[in-house]
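S.K.: First, the structure itself, so that you have it in front of you.
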Amino acid sequence: SQILKRIDDGAAPGEPTFWTSDIIPCGDWDVLLTGDPSDGQLSEAEEELLDFIFKYSHRNRWDIVKFVHTLPEWKDPAGSAIPIDYRRERPLSVTPNASCSSSAIARQISREVAGILDQRW
């Protein structure tokens, strides 16, 4: 997968990396962060997104699946998968333009998604 490729890229065999020294597997699908990763290079929008994710991190994956299935964007794929086009299903209240940075758009999306989750969960 692309994620595994990004994790494995660049490290010499046997050389410790962030992925091998600071993240350990704990179960089939879960990992545990063993150190403080620092947030010095994150934008404000990225920090808000992480805070948002942490807010719901105590939920197990099946709670999240049940919740996602209540959203208007979700349609039963009948045993398959259907991509969700966020722009078509729920147009943004902010439109990208020269005076609107991608960071501002990310913050607005984060606020809109947080509002949806707070209303439904």
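In our numbering, the protein residues as written are -17 to 103. From the three backbone atoms N, C-alpha and C, an ideal C-beta is built for every residue, glycine too.
Would the segment 19 to 36 count as touching the segment 82 to 96 if we require 3 or more Cβ pairs under 8 angstroms?
M.R.: Touching, yes.
S.K.: Which residues in the same chain as SER92 place their Cβ atom closer than 8 angstroms to its Cβ, once the five residues preceding and following it in sequence are excluded?
M.R.: Hits under 8 angstroms: ALA27, GLU30, LEU31, PHE34.
S.K.: Based on the DSSP secondary-structure assignment, which residues constitute the bridge partners of PRO7?
M.R.: Answer by DSSP bridge pairing, in chain order: VAL13.
S.K.: Would a C-beta distance cut-off of 7 angstroms place TRP44 and VAL50 closer than the cut-off?
M.R.: It is not a contact, given that the beta carbons lie outside the stated cut-off.
S.K.: Might you give, ordered along the chain, the residues of its own chain that have their beta carbon closer than 8 angstroms to the beta carbon of VAL95, omitting 5 neighbours on each side?
M.R.: Cβ within range, chain order: PHE34.
S.K.: What are the start and end residues of the alpha helix (DSSP H) that includes ARG43?
M.R.: It spans 43 to 50 - the alpha helix (DSSP H) in which ARG43 sits, taken as one unbroken run.
S.K.: Please list, in chain order, all residues of the same chain as ILE64 whose beta carbon is under 7 angstroms from its beta carbon, the five residues on each side excluded.
M.R.: So the qualifying residues of the chain are LYS57.
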